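**Q** Residue numbers (the working numbering): 93 to 578.
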């Protein structure tokens, strides 16, 4: 029985007058009347250390407090710190007398508490030995204030938001991530610093003597052309159906997780995670996948599969097979995977199965552009390479002997622009095979990877061999008679 609803002659009670739950007072929840997190003692400690030993301490503070004077909560401390940094930059002597004179010249001395307060700040610490501890406290309180600011902004947006919820969620996650990254990221750097870094990189190249600068793919010819897979890169692998693009991507992932012990995240929008792992087991164990599905396995296959299962079980591989993801959902999940597992390579299978929630996407071409831009932005944001699989245009099916071009990429415009590397898988024409189609199940056949675009390296052909029964690619020179099923 509902006591709060009054019976009416019309049958249903007047629901507008029904008793409701007490509305939540947002001010009560947020308690905005409370003082934001801060530590006056730690702020005084930092400034006191600087006044005691400016030569050693100012530089450390500038390096630590990338946000500048804003890290201090007390406006007096912000003003004093600004003057200290300015004097340090101008190579002026720093002590209580020179600082108070600079503040006095700018008519700020009384606003910061006068000479007595400056003396109190200097006397707040006995020595500058504990600067790093005080600075950590000040930085942590600043980050807490930034989190409160971000969350308060989110609450305000949520109440008045009229756009797409997925877009808002993406903005919220990005803002929170930026707060986390602010602990380590800096702003613009001077040319002197960049030159020193460049020289260091050159020395590193020399010391490597030809070893890879990025993640190895397991294919020497490809690694030689690309110097490996580098952070921030969007790598597109495209092919017609059944040419093995998923197999190639997973072979690369297998190399990275098993040989280099580097975490890899896979978004499988087409295949289930179980099917994908089954492929990887057969590929790694070199067991015929079709025989397993039909239940005809040789005794020798069991130890091979057991050994492969042991290796893969301990591999840092993480697979998300959620279907129908939007680009915003994929980016959100990738951020969480990167933070939780330290992912250094992502694989997306495949691009055309993603969709955009943007209202700007009036047609499929614009939708693919939004998706492609989102993937490239994600690669730069997380500083990891992302391998994206893509379909080629159906027009290529009519002429299977023709070598594919970048224009054969389905909705190719934005993909061409955003991708750092584009590889097109195709079977080279064979005079004995007029079809030029996909290989039969029991064949070990040549397949070429045409590097049609590479932003930071050469283009050209990589010769591979596809062992379809194992769903495995090998460099062309590595194939032996035992790799070809009888």
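Don't be surprised by glycine CBs; every beta carbon is placed ideally from N, CA and C.
Remember, predicted model here, so these are calculated numbers, not experimental data.
Against chain D, with Cβ distances strictly below 8 Å, would residue 304 count as a contact?
**A** Of the chains in the structure shown, none is chain D; there is only one protein chain.
**Q** Since I believe residue 426 is in contact with residue 400 (beta carbons under 8 Å), could you give me their beta-carbon distance rounded to a whole number of angstroms?
**A** What you label residue 400 is simply residue 308 of the chain shown in a count that begins at 1. What you label residue 426 is simply residue 334 of the chain shown in a count that begins at 1. Not really, about 27 Å apart at Cβ, beyond 8 Å.
**Q** Taking just the CA atoms, how far does residue 538 sit from residue 498?
**A** Locating residue 498 in the chain shown gives position 406, counting from the first residue. Locating residue 538 in the chain shown gives position 446, counting from the first residue. The alpha-carbon atoms of residue 498 and residue 538 are separated by roughly 21 Å.
**Q** Do you know whose CA, among 350, 191, 456 and 152, lies nearest residue 375's CA?
**A** In the chain shown, the residue the question calls residue 375 occupies position 283. Measuring from the Cα of residue 375, the nearest candidate turns out to be 350.
**Q** With a 10 Å radius around its C-beta and 16 neighbouring C-beta atoms as the bar for buried, classify residue 144 as buried or exposed.
**A** Position 52 of the chain shown holds residue 144. By the neighbour-count rule (16 or more Cβ atoms within 10 Å), residue 144 is buried.
**Q** For residue 222, which residues in the same chain have their Cβ closer than 8 Å to its Cβ, ignoring the five residues on either side in sequence?
**A** If you number the chain shown from 1, residue 222 lands on position 130. Cβ neighbours of residue 222 beyond the five flanking positions: 137 and 141.
**Q** As a quick exercise: from 395, 171, 126 and 541, pick the residue whose alpha carbon is nearest that of residue 139.
**A** Indexing the chain shown from 1 puts residue 139 at position 47. Answer by Cα proximity: 171.
**Q** Please name the residue in 434, 390, 386 and 336 whose C-alpha comes closest to that of residue 579.
**A** The requested residue 579 is not part of the displayed model; the chain covers only 93 to 578.
**Q** DSSP three-state call for residue 497: helix, strand or coil?
**A** Reading the chain shown from its first residue, position 405 is the one you call residue 497. Note: residue 497 maps to coil in three-state DSSP.
**Q** For residue 325 and residue 481, what's the separation of their Cα atoms in angstroms?
**A** By 1-based counting over the chain shown, the position of residue 325 is 233. By 1-based counting over the chain shown, the position of residue 481 is 389. Rounded to whole angstroms, residue 325 to residue 481 spans 14 Å at the Cα level.
**Q** Return the first residue and the last residue of the beta strand (DSSP E) that residue 482 is part of.
**A** By 1-based counting over the chain shown, the position of residue 482 is 390. It spans 478-483 - the beta strand (DSSP E) in which residue 482 sits, taken as one unbroken run.
**Q** Look up residue 540 in the DSSP assignment and give the residues it is bridged to.
**A** For this step, residue 540 is matched to residue 448 along the chain shown. In the DSSP output, where bridge partners are listed per residue, residue 540 has 518 and 555.
**Q** Going straight from the alpha carbon of residue 175 to that of residue 127, what length do you get?
**A** Walking along the chain shown from the start, residue 175 turns up at place 83. Walking along the chain shown from the start, residue 127 turns up at place 35. Straight-line Cα distance between these residues: approximately 26 Å.
**Q** Around the C-beta of residue 388, are 16 or more other C-beta atoms found within 10 angstroms, so that it is buried, or is it exposed?
**A** For the purposes of this step, residue 388 is identified with residue 296 of the chain shown, where counting begins at 1. Label assigned to residue 388: exposed.
**Q** Residue 220: which of 190, 249, 134 and 195 sits nearest, CA to CA?
**A** As a working note, residue 220 is residue 128 in the chain shown. When each option's Cα is compared against that of residue 220, the closest is 134.
**Q** Per DSSP, what kind of secondary structure is residue 439 in: helix, strand or coil?
**A** Working through the chain shown from its first residue, we reach residue 439 at position 347. Correct three-state label for residue 439: strand.
**Q** Excluding the 5 residues flanking residue 247 on each side, which residues of the same chain have their C-beta closer than 6 Å to its C-beta?
**A** Within the chain shown, numbered from 1, the residue matching residue 247 stands at position 155. Within the same chain, residue 247 has no close Cβ partners at all.
**Q** In whole angstroms, what is the alpha-carbon distance linking residue 250 and residue 240?
**A** Against the chain shown, residue 250 aligns to sequence position 158. Against the chain shown, residue 240 aligns to sequence position 148. Residue 250 and residue 240: Cα-Cα distance of roughly 15 Å.
**Q** For residue 277, is the classification buried or exposed, using 16 other Cβ atoms within 10 angstroms of its Cβ as the cut-off for buried?
**A** Within the chain shown, residue 277 is the residue found at index 185, counting from 1. A caution first: residue 277 carries a pLDDT of 45, below 50, which makes its placement in the model unreliable, though a value can still be read off. Residue 277 is exposed by the Cβ-count criterion.
**Q** Quick test of your reading: residue 556 and residue 445, contact by CB under 8 Å. State the CB separation rounded to the nearest angstrom.
**A** Residue mapping note: residue 556 aligns to position 464 of the chain shown, counting from 1. Residue mapping note: residue 445 aligns to position 353 of the chain shown, counting from 1. Not confirmed; about 25 Å, so no contact.
**Q** Taking its Cβ as the centre, do 16 or more other Cβ atoms sit within 10 Å of residue 309, making it buried, or is it exposed?
**A** Here the question's residue 309 lines up with position 217 in the chain shown. Buried: at least 16 other Cβ atoms inside 10 Å.
**Q** State the DSSP-derived secondary structure class of residue 262, mapped to helix, strand or coil.
**A** Along the chain shown, read from residue 1 onward, the residue named residue 262 stands at position 170. If DSSP states are grouped into helix, strand and coil, residue 262 belongs with the helices.
**Q** Would you say residue 164 and residue 230 are within 8 Å of each other, going by their C-beta atoms?
**A** Along the chain shown, read from residue 1 onward, the residue named residue 164 stands at position 72. Along the chain shown, read from residue 1 onward, the residue named residue 230 stands at position 138. Cβ distance < 8 Å, so residue 164 and residue 230 count as in contact.
**Q** Using a Cβ-Cβ cutoff of less than 7 Å, which residues in the same chain neighbour residue 423 once the five nearest sequence positions on both sides are dropped?
**A** What you label residue 423 is simply residue 331 of the chain shown in a count that begins at 1. So the qualifying residues of the chain are 262, 466 and 470.
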